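Novice: The following block contains the structure, expressed as structure tokens.
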Amino acid sequence: MASSTSNGVDISALIAQYRGVWPLNTCSIAVATLVCFDTLLCLDQEVQLIWSNASSFASLVYIANRYMSVIATVLAVISVDPLSNSACTVVSWVASVFAGLSEIGPAVLASMRLYALSGRKKVLCGITLLLSLMPFIVNACTVYQARFVNDPPPEDCIREEGGDPALVIT
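Take a look at the structure:
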């Protein structure tokens, strides 16, 4: 027999729900902590090597790539706490945009590196860029179908996939 409180909440179901969400929330916070720690740990070298030559295209791509992923990670952790419905939607969409944009930097850097190492072969560079951008293109085509829902604790602000059920790969 399941025990329940005076307002009819099934305590055993609530405990099982918290056990399911706890590892995800804990891992999200741990990842954000490591990303922020790494950013602060390398900041003095980054200022010396990258920011001093911030006018070059490679430096701008590096800076954009580095800080978009940091912002996306911090916003993902913010959505772990209870938020209002509008704040949940805004924070989650902004985090999704930054996470998506952070996929462009590695593709551009890989293409630039191949361009330099291949003797400036533009066709090879273009093919590499196109193939490297595939994760960004696929995610950009599917993320607009997502809905962000502010469920009661412990789930709080979560992303629900939407779209045509016929397109779901099982």
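Reading the sequence shown from the start, the letters are residues 8 to 177 in our numbering.
Glycine included, C-beta positions come from ideal geometry on N, C-alpha and C.
Since we're looking at a predicted model, the values are computed, not measured.
1. Residue range of the beta strand (DSSP E) that cysteine 164 falls in?
2. On the three-state DSSP scale, how would you describe valine 156?
3. Figure out for me which residue from Leu124, Asn146, Ser118 and Met141 has the closest Cα to the Cα of threonine 135.
4. Select from Val28, Tyr25 and Trp100 the residue whose C-alpha is nearest the C-alpha of isoleucine 78.
5. Under 6 Å Cβ to Cβ from methionine 8, same chain only, skipping five residues before and after it: list those, please.
6. When you compare only the Cα positions, how much space is there between glycine 213 and arginine 120?
7. Compute the minimum distance between the beta carbon of arginine 127 and the heavy atoms of the ligand MN, and state whether it is under 7 Å.
8. Is the CB-CB distance between leucine 140 and isoleucine 111 below 8 Å?
9. Here's the rule: buried if 16 or more other CB atoms are within 10 angstroms of the residue's CB, otherwise exposed. What is valine 54?
10. Let me make sure I understand the geometry here. Which of Glu168, Leu138, Asp158 and Leu31 has the alpha-carbon closest to that of glutamine 152?
Specialist: In brief:
1. Walking along the sequence shown from the start, residue 164 turns up at place 157. DSSP places cysteine 164 in the uninterrupted beta strand (DSSP E) bounded by 164-167.
2. Residue numbering aside, residue 156 sits at position 149 when the sequence shown is read from its first letter. Residue state, collapsed to three classes: strand.
3. Numbered from its first residue, the sequence shown carries residue 135 at position 128. Of the candidates Leu124, Asn146, Ser118 and Met141, Ser118 places its Cα closest to the Cα of threonine 135.
4. The residue given as residue 78 occupies position 71 in the sequence shown. Out of Val28, Tyr25 and Trp100, Trp100 has the C-alpha closest to the C-alpha of isoleucine 78.
5. Mapped onto the sequence shown, residue 8 falls at position 1. Its pLDDT being 47, under 50, methionine 8 is placed unreliably in this model, and the value from its coordinates should be taken loosely. Apart from the 5 residues on each side of it in sequence, methionine 8 has no Cβ closer than 6 Å to any other Cβ in its chain.
6. Look at the range of the chain in this structure, 8 to 177, and you will see that residue 213 is not part of it.
7. As for the ligand MN, it is missing from this structure, which has no ligand bound.
8. In the sequence shown, the residue the question calls residue 140 occupies position 133. In the sequence shown, the residue the question calls residue 111 occupies position 104. Result yes, Cβ atoms of leucine 140 and isoleucine 111 sit closer than 8 Å.
9. Here residue 54 refers to the residue found at position 47 of the sequence shown. A residue is called buried when at least 16 other Cβ atoms come within 10 angstroms of its Cβ; valine 54 does not meet this threshold and is exposed.
10. Here residue 152 refers to the residue found at position 145 when the sequence shown is read from its first residue. Of the candidates Glu168, Leu138, Asp158 and Leu31, the residue whose Cα lies closest to the Cα of glutamine 152 is Glu168.
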